[in-house]
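I have placed the structure first, in the form of structure tokens, so that the comments after it can refer back to it.
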Amino acid sequence: MDKTIITCDQCSLTVAIPTNGFPFYCNCGNVVRKDGADKPALSQRLKTFAKATAKHASSGFKRTAPEILETRKAECAKCEHNNGRSCNKCGCQLVGWPNKLEWASESCPVGKW
82 MDKTIITCDQ CSLTVAIPTN GFPFYCNCGN VVRKDGADKP ALSQRLKTFA KATAKHASSG
142 FKRTAPEILE TRKAECAKCE HNNGRSCNKC GCQLVGWPNK LEWASESCPV GKW
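Here this note's numbering runs 81 ahead of the position in the sequence shown, where the first position is 1.
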């Protein structure tokens, strides 16, 4: 597994974490994010999620088949836009409920699935 060396800018702790291990929650309370890992603004995330929800509803709330869901999760796990809990491209959650990985009507914003 690829590792990334990070240094906390508050306490100077240096650690090696998995490349997909962001965000890193330091013992001092600081949160270290991947460079350029800011999510879209809340208004944009709400707009994106509203469109996805409408599309999901119009498809009859179809869910992704389990084998496709696992492929999507694997692609997201190694993606540079994954910040650990959500996508920095569209801002949608990747874990928990609701998330677009489970909706058959959805696709990756950068075309990975």
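All C-beta atoms, glycine included, are put in the ideal place defined by N, C-alpha and C. Computed from a prediction, not measured in an experiment: that's the story for all the values here.
### Query
Cβ of K143 within 9 Å of Cβ of S186?
A distance below 9 Å separates the beta carbons of K143 and S186.
### Message
Taking contact to mean 3 or more Cβ pairs, one atom from each stretch, closer than 8 Å, check whether the region 177-185 and the region 132-149 are in contact.
### Response
yes
### Task
Assuming R126 and K120 form a contact by the criterion Cβ under 8 Å, report the distance between their Cβ atoms to the nearest whole angstrom.
7 Å
### Task
Under the assumption that C171 contacts T129 (Cβ atoms under 8 Å), give the Cβ distance between them as a whole number of angstroms.
5 Å
### Task
For F105, name the three-state secondary structure that DSSP assigns.
strand
### Query
Could you check where the alpha helix (DSSP H) with T145 kicks off and where it finishes?
Element bounds for T145: n/a, residue is neither H nor E.
### Query
According to DSSP, what are the bridge partners of S204?
Examination of residue 204 is not possible in this model, given that the chain is present from 82 through 194 alone.
### Query
P99 bridges to which residues according to DSSP?
K84
#### Entry: C-alpha distance - N169 paired with I98, whole-angstrom precision
19 Å
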